[in-house]
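Enquirer:
Chains as they are written, first to last, in this note's numbering: chain A, 1499 to 1670; chain B, 629 to 763.
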């Protein structure tokens, strides 16, 4: 009995270590703002003819998708077709461009299409930090009253679209 | 020729997650003019995690986002905000994960309590074995 106890403890420690080592680690940083209101921010327009973005615009009564992206970000180009599909499904998509320039953005939109109702110019990642996003692209489903319902980290793949649409539909 | 082609192509390949071409924020790599304020900012920055290079503090990291976070910390310190308030602001957005000095809670309790428990077990074991030897 006295010999079995240390052995059992040893095996238990080993088991904990083995499980922790072999379980794939999730290094995704999730926002703690999900379930809360969109923080107050105002960012100017990046492109002439397309409005900038203020948090009031995200709380105008209609559920929306807030997309944090950049023209220099490769996965952002990869998710462009999915954003175009969401736009075609009637989803208003508001964009915040991180550390971007009008010229690069124009090229980017010419390549992948322009699903954005507005594009805010965030040269210092201020909106990104305020909403708890840790990279580009990230998308947030926002309810009509400005509550953040869902955070999608990384590019939206084709099989992510139904879940995002369902969340937006449920928010109506 | 063929043997050289692949390394040559690898050299030419663009990194998948490129950074922007914009210069870093004004306060990302510039100290505050008031040394006392800069010291305060620095002390806070070494306790904040860089979110894209997760093993580093924002004071250590060259990532663009770390630069933007340093700029945010310095701006707020310059505006007279307390370091604790800035840390709480970030924790409200990213959770305790963003700080290297996490508060005592359900999740961190084992870190503090486990050593005490282990010492207690050690003392108990030592006492038992000393007593046996004496007898």
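From the three backbone atoms N, C-alpha and C, an ideal C-beta is built for every residue, glycine too. Source: prediction; values computed, not measured.
For residue 714/B versus residue 660/B, is the C-beta distance shorter than 9 Å?
Expert: To locate residue 714/B, count along the second chain from 1; it is residue 86. To locate residue 660/B, count along the second chain from 1; it is residue 32. No, the pair does not count as a contact, with Cβ atoms beyond the cut-off.
Enquirer: At which residue ranges does the stretch 671-753 of chain B contain complete alpha helix (DSSP H) runs of 4 or more residues, listed in the order of the chain?
Expert: Counting whole runs of 4 or more residues, the stretch 671-753 of chain B contains the alpha helix (DSSP H) stretches 692-706, 711-722.
Enquirer: Please list, in chain order, all residues of the same chain as residue 1531/A whose beta carbon is under 6 Å from its beta carbon, the five residues on each side excluded.
Expert: Sequence index remark: in the first chain, residue 1531/A carries index 33 (1-based). Around residue 1531/A: 1629, 1630, 1646.
Enquirer: Compile a chain-ordered list of the residues in the stretch 714-726 of chain B whose CB is closer than 7 Å to at least one CB of chain A.
Expert: Cβ contacts with chain A: 720, 721, 722, 723, 725.
Enquirer: Of all Cβ atoms in chain A, is any one closer than 9 Å to the Cβ of residue 755/B?
Expert: For the purposes of this step, residue 755/B is taken as the residue at position 127 of the second chain. Chain A contact via Cβ: absent.
Enquirer: Would you mind giving the Cβ-Cβ distance between residue 1584/A and residue 1549/A, rounded to the nearest angstrom? I have them listed as a contact below 8 Å.
Expert: Against the first chain, residue 1584/A aligns to sequence position 86. Against the first chain, residue 1549/A aligns to sequence position 51. Going by Cβ atoms, the distance from residue 1584/A to residue 1549/A rounds to 19 Å, so no, they are not a contact pair.
Enquirer: Using a Cβ-Cβ cut-off of less than 9 Å, list which residues of the stretch 1593-1621 of chain A approach chain B; keep chain order.
Expert: For the stretch 1593-1621 of chain A, which is checked against every Cβ of chain B, the residues closer than 9 Å are 1596, 1597, 1598, 1599, 1602, 1621.
Enquirer: Can you say whether residue 757/B is buried or exposed, counting buried as having 16 or more other CB atoms within 10 angstroms of its CB?
Expert: Residue numbering aside, residue 757/B sits at position 129 when the second chain is read from its first letter. Classification of residue 757/B: exposed, given that the 10 Å Cβ count is below 16.
Enquirer: What three-state label does DSSP hand residue 1610/A in the structure shown?
Expert: As a working note, residue 1610/A is residue 112 in the first chain. Here residue 1610/A sits in helix by DSSP.
Enquirer: Whose CA, out of 746/B, 682/B, 708/B, lies closest to the CA of residue 669/B?
Expert: Counting from 1 along the second chain, the entry for residue 669/B is found at position 41. Checking every option, the nearest Cα to that of residue 669/B belongs to 708/B.
Enquirer: Using the DSSP secondary-structure output, state which residues sit across from residue 1637/A in a beta bridge.
Expert: Here the question's residue 1637/A lines up with position 139 in the first chain. Bridge partners of residue 1637/A: 1565/A, 1650/A.
Enquirer: Using a Cβ-Cβ cut-off of 9 Å, state whether residue 1632/A counts as contacting chain B.
Expert: Position 134 of the first chain, counting from 1, holds the residue named residue 1632/A. Yes, its Cβ sits closer than 9 Å to a Cβ of chain B.
Enquirer: With 16 other CB atoms within 10 Å as the buried threshold, where does residue 1654/A fall?
Expert: Start at 1 with the first residue of the first chain, and residue 1654/A comes out as number 156. By the 10 Å Cβ count, residue 1654/A comes out buried.
Enquirer: Determine the closest residue to residue 1605/A out of 1571/A, 1510/A, 1563/A, 1664/A, with distance taken between C-alpha atoms.
Expert: Against the first chain, residue 1605/A aligns to sequence position 107. Checked all of 1571/A, 1510/A, 1563/A, 1664/A; the closest Cα to residue 1605/A is 1571/A.
Enquirer: Where do the ends of the alpha helix (DSSP H) carrying residue 1509/A lie?
Expert: Counted from its first residue, the first chain places residue 1509/A at position 11. That run of the alpha helix (DSSP H) goes 1502-1520.
Enquirer: Taking only three categories from DSSP, how would you classify residue 757/B?
Expert: The sequence position of residue 757/B within the second chain is 129, counting from 1. In the structure shown, residue 757/B sits in a helix (DSSP, three-state: H, G or I).
Enquirer: Taking only beta-carbon positions, decide if residue 644/B is within less than 9 Å of chain A.
Expert: Along the second chain, read from residue 1 onward, the residue named residue 644/B stands at position 16. A caution first: residue 644/B carries a pLDDT of 44, below 50, which makes its placement in the model too unreliable to give a value.
Enquirer: Taking Cβ to Cβ, would you say residue 1489/A is nearer than 9 Å to residue 722/B?
Expert: For chain A, the structure presents residues 1499 to 1670; residue 1489/A sits outside this window and is missing.
Enquirer: With a 10 Å radius around its C-beta and 16 neighbouring C-beta atoms as the bar for buried, classify residue 1527/A as buried or exposed.
Expert: Reading the first chain from its first residue, position 29 is the one you call residue 1527/A. Burial call: buried.
Enquirer: Taking the alpha carbon of residue 1596/A as the reference point, which residue from 1569/A, 1573/A, 1608/A has its own alpha carbon closest?
Expert: Taking the first residue of the first chain as 1, we reach residue 1596/A at position 98. Comparing Cα-Cα distances from residue 1596/A to each of 1569/A, 1573/A, 1608/A, the minimum goes to 1569/A.
Enquirer: Would you kindly work out how many angstroms separate the C-alpha atoms of residue 1541/A and residue 1523/A, rounded to a whole number?
Expert: Position 43 of the first chain, counting from 1, holds the residue named residue 1541/A. Position 25 of the first chain, counting from 1, holds the residue named residue 1523/A. Near 35 Å, if we compare the C-alpha coordinates of residue 1523/A and residue 1541/A.
Enquirer: Starting from residue 1527/A, find everything on chain B with Cβ-Cβ shorter than 7 Å and list it in chain order.
Expert: On the first chain, residue 1527/A is found 29 positions in, with the first residue counted as 1. In chain order: 679, 722, 725.
Enquirer: Ignore the nearest five residues each way along the sequence and tell me which others in residue 642/B's own chain have a CB closer than 8 Å to its CB.
Expert: Walking along the second chain from the start, residue 642/B turns up at place 14. Since pLDDT at residue 642/B reaches only 46, below the 50 mark, its modelled position is unreliable, and no value is offered.
Enquirer: Which residues, in chain order, does the stretch 649-680 of chain B contribute to contact with chain A at a C-beta distance below 8 Å?
Expert: Cβ contacts with chain A come from 649, 650, 653, 679, 680.
Enquirer: What in chain A is Cβ-close to residue 684/B, meaning under 9 Å?
Expert: The count along the second chain starts at 1 and reaches residue 684/B at position 56. Those do not exist, as residue 684/B stays about 14 Å from chain A at its closest Cβ, beyond 9 Å.
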